[in-house]
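Take a look at the structure set out below.
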RNA sequence: GGCCGAGUACCCAAGUGGCCUAAGGGAACGGAUUGCAAAUCCGUGAUUCGUGGGUUCAAAUCCCACCUCGGCCUCCA
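In this note's numbering, the protein residues as written are 25 to 566.
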């Protein structure tokens, strides 16, 4: 198996992944997750899904991964540095927005949620995030159903954060300032700025007017960042030796990563905007609190997604959440592929055309899987459970050596020699991903293999190879529209029209059959006449 | 203003000194199929890599300048 190499933001070089725990793993991986004061948008999901692709790639090479992703439920202030209450808690803002959404009908008014309760708001959006994430195949979100500790919430980790603050004060890296807040002293950590390339001098120049003079004056250095903010008026507050208040927002990741994965971890990921200040500050806190030579060995950052060539923004009307797109008929598979197929270190351009391109690719892979399934069933003499007639003649199957479960009982001498195109493509696919997650080349390897006619006798081995590739791509199992299910009336109407059309065609009344087809189209339904009858999907409209 | 990344066909996108007269997918066009479509299958497609210079036997790939886009510079995936 080739080793996974990825670009390490910390060094600017390609790093071979060697788990701290040894070759057998597990590799420890922490991903900065969402702050749940609103629905996650597709840009958020690009960074989460790229982390997922990396995690699945490592697993493809045979190394298990322990992946943790936080869900931030502490509101934090819209302006964290302002003490006089001019900044507002993000959860409070979210509560107001939620009330407005209910009034305008965007969210069902009967959604039982108290907009004045920050934890209820956080739970509401956390659940919506988890729904979207599972639909998109974010593995950690699927695993967290069985083990919630894999997606920790900072409000449950306040004690550990306070322990860390104490440790930092004791070691001389943090101090209580005249304004009552606890700050980290950046001058006490020589490597501060190493991750982002920011020097303390540059930072001083770049103050940008966002830091109030009052608090700047209380700090020892302009770059010092907050660890604890005493604030009796904050929506969420906890008791502490520094007064009731709330933790600095960098602290949660340091505390949870250490608590769940260890003081040193293999990989830490996030969006490119996390590099500074968030990850820079995490490194400073973690290394100083734990007195370790490194925090994360490899830092993995995904560049931002742009939409139709422009920065995504609500005012431009190119701002999409995953659920917006699902409601329009986009399959989770197509969305997943569209936002992960471009290399993670370039700005990906999300387009509706691209989404359609991805859907076509996935449909073709899916058909290949179906054909292989049918061949396997035919070879083993098992009747196809789906009652579909075989789509492809199975005369190429020469040896009844396989069973339907795909487990080989073959004892042929050339058992290990790849024979079919997918099996031959698998090492190229794996190699491409191991070279800094080259998705485009991996996908090309799969596409080329799918285009080759498979004359090999080993359908089950071909299918196994396809499933291996899909274990990273994660698309075959989620290639269905979310929007379709649950509307029985609509489905009945569609099926009735399809039957009307079929009857008209049998009578050679083509004018009537075309009318039925047009009517379906106006309902947003696209039909496909297949060998086994007519199927339909919702057309994707934007 | 400082620092950093990127510009490859109609669109998405790989390739980072010779195997590139540039991968893969989509669109478009032509053919097969279809009552006609859709879907599917087959075929066609950049002498050229933002612009202008330079280095080299050799450049999309290295260097310089310029243009455009994106990111960070204490909210942000």
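C-beta: ideal position from N, C-alpha, C; glycine also.
Beta-carbon proximity of residue i to residue j, cut-off 8 Å
i: residue 153; j: residue 268; result: no
i: residue 316; j: residue 288; result: yes
i: residue 382; j: residue 358; result: yes
i: residue 260; j: residue 60; result: no
i: residue 41; j: residue 77; result: no
i: residue 355; j: residue 504; result: yes
i: residue 52; j: residue 79; result: no
i: residue 558; j: residue 548; result: no
i: residue 159; j: residue 72; result: no
i: residue 496; j: residue 174; result: no
i: residue 139; j: residue 145; result: yes
i: residue 247; j: residue 200; result: no
i: residue 536; j: residue 528; result: yes
Distance between residue j and residue i (C-alpha atoms, nearest Å)
i: residue 241; j: residue 113; result: 24 Å
i: residue 518; j: residue 530; result: 18 Å
i: residue 118; j: residue 92; result: 25 Å
i: residue 105; j: residue 552; result: Below a pLDDT of 50, predicted positions are generally treated as unreliable, and residue 105, at 46, falls in that range; the measurement from the model is reported next regardless. Straight-line Cα distance between these residues: approximately 58 Å.
i: residue 285; j: residue 351; result: 37 Å
i: residue 319; j: residue 396; result: 46 Å
i: residue 433; j: residue 75; result: Residue placement at residue 433 is poorly supported in this model, since its pLDDT is 37, which falls under 50; the coordinates still yield a value, given next. Approximately 36 Å between the Cα atoms of the pair.
i: residue 18; j: residue 565; result: There is no way to answer for residue 18, as the model of the chain reaches only from 25 to 566.
i: residue 343; j: residue 325; result: 22 Å
i: residue 480; j: residue 443; result: 6 Å
i: residue 58; j: residue 147; result: 12 Å
i: residue 32; j: residue 151; result: 32 Å
i: residue 311; j: residue 280; result: 14 Å
Proximity test, residue i beta-carbon vs the ligand ZN heavy atom, cut-off 7 Å
i: residue 121; result: The ligand ZN is absent from the structure shown, which contains no ligands of any kind.
Start-to-end residues for the beta strand (DSSP E) that takes in residue i
i: residue 551; result: 549-554
i: residue 321; result: 320-326
i: residue 90; result: 89-93
i: residue 564; result: Taken as a continuous stretch (DSSP letters only), residue 564 belongs to no beta strand (DSSP E), as it is neither H nor E.
i: residue 501; result: No beta strand (DSSP E) contains residue 501, which DSSP labels as neither H nor E.
Nearest to residue i (by Cα), restricted to the options the options
i: residue 447; options: 404, 492, 365 and 246; result: 492
i: residue 202; options: 181, 507, 270 and 253; result: 253
i: residue 334; options: 457, 454 and 371; result: 371
i: residue 262; options: 475, 174, 57 and 182; result: 182
i: residue 507; options: 532, 516 and 348; result: 348
i: residue 277; options: 256, 265 and 303; result: 303
i: residue 296; options: 323, 311 and 306; result: 323
i: residue 294; options: 369, 249 and 255; result: 369
i: residue 379; options: 331, 541 and 393; result: 331
i: residue 206; options: 216, 273, 224 and 225; result: 273
i: residue 473; options: 178, 313 and 388; result: 388
i: residue 220; options: 271, 308 and 142; result: 308
Element boundaries [alpha helix (DSSP H), containing residue i]
i: residue 256; result: No alpha helix (DSSP H) contains residue 256, which DSSP labels as neither H nor E.
i: residue 68; result: 66-84
i: residue 149; result: 142-159
i: residue 364; result: 356-364
i: residue 525; result: 512-530
i: residue 491; result: 483-497
i: residue 370; result: Looking at the DSSP string, residue 370 is not in any alpha helix (DSSP H), and its letter there is neither H nor E.
Neighbour-count burial assignment, residue i, 16 or more Cβ in a 10 Å radius
i: residue 156; result: buried
i: residue 398; result: buried
i: residue 545; result: exposed
i: residue 461; result: buried
i: residue 424; result: Note on residue 424: pLDDT 31, under 50, position unreliable in the model; the coordinate value appears next. When all chains shown are included, residue 424 counts as exposed.
i: residue 25; result: exposed
i: residue 249; result: buried
i: residue 512; result: exposed
i: residue 30; result: buried
i: residue 142; result: buried
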